[in-house]
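Chemist: Residue numbers (my numbering): 364 to 551.
Below are the C-alpha cells for one structure; questions will follow.
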Amino acid sequence: MAGFDELFRALNSIPKQVDTATKRGLKRGATQVMRKAKEKLGSYQGESGPYPAWKHLKPYTVARKYTVKSGANKGFFNKKGLKLLRQPGGWRVGSTADAPLVDSGHLRQAITTDDSDLNSDGVMYVGVASGSSSDGKGAPGDYATAHEFGSATRNIPPRPFLRPALHESHEAIKKAVTDELLKGLRRL
C-alpha cells in the first residue's frame, strides 16, 4: 500500500508542478521579448512578419537631436552635435549618430515585464512602464505608443518594436515553457 500512496501523491502534484513550470517558462519568455525589444531601439529595423520596416528619420530630426533645446543658445548645436559635425558622416541620416528611438535612453529603460496577473490569470505582460518624464517629451508610454503605431497628427511613421519582438520570440517562448515543464516533471 505504501507504494500506491507515494504514486497517488506524485500524481496529485502534477497539476501544481505543471502550473509552476508554465509560469517560470512564461517569465523566461517575457524576459526574452523584453531583451529583444530593447535591442531593436537605436538601429533601423527591417520588416518582421506583418510589421513594416522602419522609415529613416528626416535629416532635420537627426540634427534636432543634437541642438540646444532652451536658453540663449537654443537652436544651435550642443557639444555633442558640434563634435559630430566635425566627424566624417557627421550627424546625417545613416551615420552612427542617427539612432532612431534613442535620444535619452528613457524608452529603453522603461521597457519592462509585469507578472502581477500571472498567478490569477496566467498572463505575463511585456511593455513600456507608464511613468512620467521631466525632459518635456511626455511619459515613456505615450512616446512608445506614438512610435509603435505611428502618429499621423505628429507626422511619425510607425516604428514597431514591441510587437515584432513578440512575433520573433514565439519559438523561444515555446521552448522556455517546454524546458520548464520537462524540468518540473523530472522532479516527480
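Note that beta-carbon positions come from the ideal geometry of N, C-alpha and C, so glycine has one too.
Small disclaimer: the values here were computed from a predicted structure and weren't measured.
Count the other CB atoms within 10 Å of the CB of residue 474; is the residue buried (16 or more) or exposed (fewer)?
Modeler: So residue 474 counts as buried.
Chemist: Would you grab the beta carbon distance between residue 465 and residue 404 for me? Rounded to a whole angstrom, and I think it's under 8 Å.
Modeler: Right, their Cβ atoms sit about 5 Å apart.
Chemist: Give me the Cα-Cα distance between residue 390 and residue 503, rounded to the nearest whole angstrom.
Modeler: If I take the Cα positions, the gap works out to 23 Å.
Chemist: Taking 6 Å as the limit between beta carbons, can you name the residues of its chain near residue 328, skipping five residues before and five after?
Modeler: Since the first residue of the chain shown is 364 and the last is 551, residue 328 is not available in this structure.
Chemist: Within a Cβ cutoff of 6 Å, which residues of the same chain sit near residue 469, ignoring the five residues on either side of it in sequence?
Modeler: Only 503 meet the Cβ criterion.
Chemist: Mind reading off the beta-carbon distance from residue 398 to residue 543? Whole number of angstroms is fine, and I expect it under 8 Å.
Modeler: That belief does not hold up - the Cβ atoms of residue 398 and residue 543 are roughly 18 Å apart, past 8 Å.
Chemist: Just to confirm, are residue 429 and residue 441 a CB contact at a threshold of 7 Å?
Modeler: Yes, they are a contact pair.
Chemist: Cα separation between residue 537 and residue 449?
Modeler: So the two alpha carbons sit approximately 49 Å from each other.
Chemist: Less than 8 Å between C-beta atoms, sequence neighbours within five positions excluded: which residues of the same chain meet that for residue 512?
Modeler: Counting only Cβ-Cβ distances below 8 Å, and skipping sequence neighbours, we find 521, 523.
Chemist: Could you check what DSSP says for residue 477 in three-state terms: helix, strand or coil?
Modeler: Reduced to three states, the DSSP call for residue 477 is strand.
Chemist: Relative to the C-alpha of residue 506, which candidate in 384, 393, 463 has its C-alpha closest?
Modeler: When each option's Cα is compared against that of residue 506, the closest is 463.
Chemist: For a test of the three-state rule: what should DSSP assign to residue 490, helix, strand or coil?
Modeler: The answer is strand: DSSP assigns residue 490 an E or B state.
Chemist: Between the C-alpha atoms of residue 444 and residue 531, what's the straight-line distance to the nearest angstrom?
Modeler: C-alpha separation (whole angstroms): 35 Å.
Chemist: Is residue 516 helix, strand or coil by DSSP?
Modeler: Residue state, collapsed to three classes: coil.
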